[in-house]
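Colleague:
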Amino acid sequence: MSGVFASGAGAAPANPDKTQDISVKQRPTLTPDEMLKQSREYFKSMEDTIKRIAQLQDQSKRQKDIIRLNCVTDKLVQSKVNLTIAQQSMGALQENIGRADEGGRAHEFTRLTIINQKMLVLGTEAENCIGEDLTFVGATRIDVEVDPNLPQIDATLPPIPDLTPERPAEASPTTGQNP
684 MSGVFASGAG AAPANPDKTQ DISVKQRPTL TPDEMLKQSR EYFKSMEDTI
734 KRIAQLQDQS KRQKDIIRLN CVTDKLVQSK VNLTIAQQSM GALQENIGRA
784 DEGGRAHEFT RLTIINQKML VLGTEAENCI GEDLTFVGAT RIDVEVDPNL
834 PQIDATLPPI PDLTPERPAE ASPTTGQNP
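Per the working numbering, the sequence shown runs over residues 684 to 862.
Written out as structure tokens, the structure is:
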């Protein structure tokens, strides 16, 4: 097996005697208290998502729609598993905050953030199982603009023809007297 290695102009020359630090150094921008507060908000959102999916499951049961029921039940099971993982991460986050372990705290908070995003996706997928259109924003309204330069007659409604019969001309004058 052969490989091709390229080195940019700004790359440091390879030095087998020294090890290179390739770790990513990024400090979290949230304080431990802010992380806990945000994590609690994530939990509220996750619990609300599970409640909504359970409502959709009940709706599918009432409608006796087995296909929708199976789909929603799958999303509910996945959501409950994610909530369990989130609870474990929340406990670990609190432990890491207590030990002042910045790396562990950032890891667990990132995990909670990802799980929250997964839960939002599962909620949307559960709604899609039911088939409700999520893009509905209200009743349709149509606005029509008419060019004022157009003629004011409607070509689809021709004028009604004058159907008053014309009397024929007199064939002979009458005097009104009898001979």
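Think of the CB as a built atom: it goes at the ideal place given N, C-alpha and C, for glycine as much as any other residue.
Please check the pair Q770 and T756, which I expect to be a contact at CB under 8 Å, by giving their CB distance rounded to whole angstroms.
Modeller: Within the sequence shown, numbered from 1, the residue matching residue 770 stands at position 87. Within the sequence shown, numbered from 1, the residue matching residue 756 stands at position 73. Contact doesn't hold; Cβ gap of about 21 Å is too wide.
Colleague: Helix, strand or coil for K747, going by three-state DSSP, please let me know.
Modeller: Against the sequence shown, residue 747 aligns to sequence position 64. In this structure, K747 counts as coil in the three-state DSSP scheme.
Colleague: Three-state secondary structure (DSSP) at N832?
Modeller: Within the sequence shown, residue 832 is the residue found at index 149, counting from 1. Coil at N832, not helix or strand.
Colleague: For R794, which residues in the same chain have their Cβ closer than 7 Å to its Cβ, ignoring the five residues on either side in sequence?
Modeller: Numbered from its first residue, the sequence shown carries residue 794 at position 111. For R794, where only same-chain residues beyond five positions count, the Cβ hits under 7 Å are S772.
Colleague: In whole angstroms, what is the alpha-carbon distance linking D837 and S728?
Modeller: Counting from one through the sequence shown, the residue named residue 837 turns up at place 154. Counting from one through the sequence shown, the residue named residue 728 turns up at place 45. Between D837 and S728, the C-alpha separation is close to 57 Å.
Colleague: Taking all protein chains shown into account, do 16 or more other C-beta atoms lie within 10 angstroms of the C-beta of L776, making it buried, or fewer, making it exposed?
Modeller: On the sequence shown, residue 776 is found 93 positions in, with the first residue counted as 1. The residue is buried, with at least 16 neighbouring Cβ atoms inside 10 Å.
Colleague: Are three or more beta carbon pairs between the stretch 827 to 847 and the stretch 743 to 763 nearer than 8 Å?
Modeller: Here the stretch 827 to 847 does not lie against the stretch 743 to 763, with fewer than 3 beta-carbon pairs under 8 Å apart.
Colleague: Just to confirm the assignment: which complete alpha helix (DSSP H) runs, minimum length 4, are found wholly within the stretch 750 to 821?
Modeller: 785 to 813, all fully within the stretch 750 to 821.
Colleague: Alpha carbon to alpha carbon, what distance is there between L766 and G806?
Modeller: Mapped onto the sequence shown, residue 806 falls at position 123. Mapped onto the sequence shown, residue 766 falls at position 83. For G806 and L766, the gap between their C-alpha atoms comes out near 13 Å.
Colleague: Considering only the alpha carbon of each residue, which of V764, K744 and Q746 lies closest to I798?
Modeller: Taking the sequence shown and counting its residues from 1, one reaches residue 798 at position 115. Measuring from the Cα of I798, the nearest candidate turns out to be V764.
Colleague: Using 10 angstroms around the beta-carbon of T712, count the other beta-carbons present and answer buried if the total reaches 16, otherwise exposed.
Modeller: As a position in the sequence shown, residue 712 is number 29, starting the count at 1. Counting Cβ neighbours within 10 Å, T712 comes out exposed, since fewer than 16 surround it.
Colleague: According to DSSP, is L719 part of a helix, a strand, or is it coil?
Modeller: As a first step, residue 719 is located in the sequence shown; it is residue number 36 there, counting from the start. DSSP places L719 in helix when its eight states are reduced to three.
Colleague: Can you give me the Cβ contacts of E808 inside the same chain, cut-off strictly under 6 Å, excluding the 5 residues immediately before and after it?
Modeller: Mapped onto the sequence shown, residue 808 falls at position 125. Here the set comprises K758.
Colleague: Using the Cβ count rule (16 or more neighbours within 10 Å means buried), how would you classify N779?
Modeller: Your numbering for residue 779 matches position 96 in the sequence shown. With 16 or more other Cβ atoms within 10 Å, it is buried.
Colleague: Taking G774 as the reference, which of T732, N753, D748 and R723 has the closest Cα?
Modeller: Along the sequence shown, one-based indexing puts residue 774 at 91. Comparing alpha-carbon positions, the option among T732, N753, D748 and R723 lying closest to G774 turns out to be R723.
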